[in-house]
Every structure is written in structure tokens, then in C-alpha cells.
Amino acid sequence: MSWAVVAVLAAGVWAQRLLGMFVGGRVLSRQPALGRLATLIPAAVVMAVVVQLTIASGTSLEVDARVIGMAVAGVLVWRRSPFVVVVVAAAVATALVRLL
Amino acid sequence: MVLADSMLMGETTATGDHSVAGPGWGDLGALCLTFFALGVTVNVLVLDRVGSESLTIVAAVAINSATTELAYLAVRDAGGTQLAAVIAGWVVASRFGLLAVSLGARLDVGRWHRAAAGLQSFDPNVTWAIQQRRAADVVRVFWRATAAMHLGWLSGIAVGVFLGNVIGDAERFGLDAVFPAALLAIIGNLLRRRSGALAAAVGGGLCLLLIPVAPAGIPIIASLAGAIVALATTPPEETT
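This is the structure:
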């Protein structure tokens, strides 16, 4: 990675965020029929990120200690446990599985 | 932005609105720790590949997307060209554009404020913010979460770059599970609605199916279909 690559990557990321904010955001706010997408997009996209971080290794699927950690997190989220409890329990469960 | 507020209210029921209380100080502290862990683990990896402390720090701050850095390095490690690696980095960052769309629909602020918020669109701060009913609360929750994230991220960069060799393998401590667990907790309230659960199930399922067959970043973009399916198949006046 060079300084030029950092600049190009940063420009692309900045552009997408600004485009989303100024173009996509205004379209959603003016179209009542599409308004619910404002809450549905994070549900879909963030869950996809969770899946990717839990079970992917590059472009392959890999079931390892992270899955146990996330199962613990899932149960705690379901039981409405505090945020910090979910995060710490997931890390501890994952670390313990790796110790075994 | 009254329209946007009423649209969110459209998801409410006779049993009460679905707007949730903003994150408390304990939640913000945990978010800060989450981004600290992320900052340490990512920047230890990046420094290992890049070899320059200054470039690692500038990349982390300027690109402002750990997944973009990791995607670029993964393609280069696999023998890909500079162009292919840059495109992969941009594609995986597309989710921030999508999150900025959501935030943009709920923000009632001036142009420069919108630009600043757009550039700081991440999963936790946007997801927490858009669950607020009042426009003023959207702004307040967004910037509080953003501050907590950056405090953790920036200190994580410093520790990862300058003390990374002391820490060793961060995965030993389960730190790689911290970020996905935090994200799951943050969308927890959205998952309690039928529409949110459907969006997440379809989006997450599509991502799972596409990971082995699609280039990096595409599974995340495809997850947008989950939101569209949920929009088309669930009524606005749904119950949880």
C-alpha cells in the first residue's frame, strides 16, 4: 500500500458516503412509500456484515470459535442483556473455545 | 424532515412506538471498547503488511474504513493487481454508502452538517441514530456514538501500531468476536419487528450463500435485497 493508494481508496470511500447522504438520503426522505427502507437497510446490511465476520474467511466459509461466540451473543441479545455484557461474553466464549 | 419522522412513526402500533431510548453511557463505553479492539486488531495486521507506522496511521484515519483496508490487502496478498485491489476496497465500503442513505433520510440539518455526518456513517452510529423518533435525538445519538467510536478507534490505532508486537495474537483473546457481537446487539431492536427480522434473515442468508461464489464485497451489497423484500412484503402497521 502506497500513499497514492491510500488517497485513491479514501476518495472512493468518501464519495460513496457523500453520495448516499446527499442523493440516496434525499430520495428516501421525499418518497413516503420508500421511507421504511431507512430502518430496513441497516437491519439487512448490518446482519450481512455480522454473517461475514462470523463465518467467512476471505471468500470461503469457515466454522470456528467465532460461531460459538456469536451464538452466545445471539442468546444474550434475545434476552435483552446489556450491550457490554453481549460484547464481553462473545469475546470470552470465543477465547475459551480457542483454549480448548 | 417531519415526513421522515412520520414514516418512522408508520412502523408504530397501537401498543406503542418502536423508537428506542438512545444508548446510555455504559453502552457508549462498550462501543468505545469495541472500536478499541477493532483498532488494535486491524492495525496490527495492516502494519505487518505495509511496514510503515506513518502510512498505517494515515491510512486508518483517511480511509476511515477498516474493511476497505483489509479487502485491498487481501487482494494484493492473493496476487491481484493494484486496480483489482482498489476496486475490492471500494466495493466493500459500499455498505457505508447504504447506511448514509438511511441516515440521510432522517437527518434534518444543514448541508455541511450533512456532509460531516455522511463521512462518519458507520454501522453502530447510524443504526442507533435511525431508531430514534425525534429528529433532534437522531442527531444527538449519532454524534455521541460517533465520538465513542472514534475515541476507541484512534486509541486502538495507536496501541496496534506502537504496541502490537507486545500484544501478539489478538484473536487469542477473542477480540475478533467483539465487533460482530456489538453489531448484533445494536440491531437487536430492529430484529424484534417482523419487517426488520425479515430484512435481516434475507440479507444475512443471501450473504451466506454468496460468500463462497462472489467477489469480496458483493455479498454485502446483495444483502440490500433483504430490505427491499421486507419493504414489499410487510405492512407498515405491523406488530412485533
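Taken in sequence, the protein lines are chains B and C.
So for the first sequence, this note's numbering puts the first residue at 121; every next one is plus one.
So for the second sequence, this note's numbering puts the first residue at 93; every next one is plus one.
Even glycine gets a Cβ: it sits at the ideal position worked out from N, Cα and C.
Please read all numbers here as calculations on a predicted model, not as lab measurements.
In this model, Leu165 (chain C) and Val183 (chain C) are separated by some 14 Å (Cα to Cα). For Ser177 (chain B), the secondary structure class from DSSP, reduced to helix, strand or coil, is strand. Neighbourhood of Ser247 (chain C) in chain B, by CB distance below 9 Å: empty, with the nearest CB roughly 17 Å away. One finds nothing in chain B with a Cβ atom closer than 7 Å to the Cβ of Pro327 (chain C); even the nearest lies about 10 Å away. By the Cβ neighbour-count rule, Leu275 (chain C) is buried, with 16 or more other Cβ atoms within 10 Å of its own.
Its chain contains Gly189, Met190, Val192, Ala193 as the residues whose beta carbon lies nearer than 7 Å to that of Ala210 (chain B), once the 5 sequence neighbours on both sides are disregarded; these appear in chain order.
Only residues of its own chain outside the window of five on either side were considered, and among them Ala163, Ala166, Val167, Ala180, Val183, Val184 have a CB closer than 8 Å to the CB of Ala308 (chain C), listed in chain order.
Straight across, the Cα-Cα distance linking Leu246 (chain C) with Leu157 (chain B) is about 32 Å.
Glu161 (chain C) is positioned such that its CB atom lies closer than 8 Å to that of Val134 (chain C). Taking a contact to require three or more Cβ pairs closer than 8 Å, the stretch 132-152 of chain B and the stretch 310-319 of chain C do not qualify as touching.
Distances from the CA of Ser201 (chain B) to each of C:Arg226, C:Arg236, C:Gly118, C:Arg286 were compared; the closest alpha carbon is that of C:Gly118. Scanning the stretch 114-140 of chain C for uninterrupted beta strand (DSSP E) segments of 3 residues or longer gives nothing; none is fully contained. Here the stretch 121-137 of chain B does not lie against the stretch 256-269 of chain C, with fewer than 3 beta-carbon pairs under 8 Å apart. Shown here for Gly295 (chain C): same chain residues with a beta carbon closer than 6 Å to its own, the five before and five after excluded, namely Ser315, Gly318 in chain order. Taking a 10 Å sphere around the C-beta of Gln172 (chain B), we find 16 or more other C-beta atoms and assign the residue as buried.
In this structure, Gly280 (chain C) sits away from Leu130 (chain C), with a CB-CB distance that is not shorter than 8 Å.
For Arg199 (chain B), there are no C-beta contacts with chain C under 9 Å, since the nearest C-beta of that chain is about 10 Å from it. Distance from the CA atom of Pro272 (chain C) to the CA atom of Val204 (chain B), rounded to whole angstroms, is 13 Å. Taking the Cβ atoms as the reference, Val233 (chain C) lies roughly 26 Å from Val132 (chain C), outside the contact range of under 8 Å. Interface with chain B (8 Å Cβ-Cβ cutoff): Arg236 (chain C) is excluded. Asp215 (chain C) carries a helical assignment under DSSP once its states are collapsed to helix, strand and coil. Just so you know, the alpha carbons of Pro328 (chain C) and Leu160 (chain B) end up roughly 12 Å apart. Assignment of Asn156 (chain C) by DSSP, reduced to helix, strand and coil, places it in the coil class. The C-beta distance from Pro162 (chain B) to Ile222 (chain C) rounds to 6 Å, short enough to fall under 8 Å. In the three-state reduction of the DSSP assignment, Ser201 (chain B) falls in the coil class. In the same chain as Leu125 (chain C), and ignoring 5 residues on each side of it, the C-beta atoms closer than 7 Å to its own belong to Gly244, in chain order.
Pro272 (chain C) carries a helical assignment under DSSP once its states are collapsed to helix, strand and coil.
Put simply, the CB of Phe265 (chain C) is near chain B, with a gap under 8 Å to one of its CB atoms.
Within the stretch 155-177 of chain B, contact with chain C at the beta-carbon level (separation under 8 Å) is assigned to Gly155, Arg156, Leu157, Ala158, Thr159, Leu160, Ile161, Pro162, Ala163, Ala164, Val165, Val166, Met167, Ala168, Val169, Val170, Val171, Gln172, Leu173, Thr174, Ile175, Ala176.
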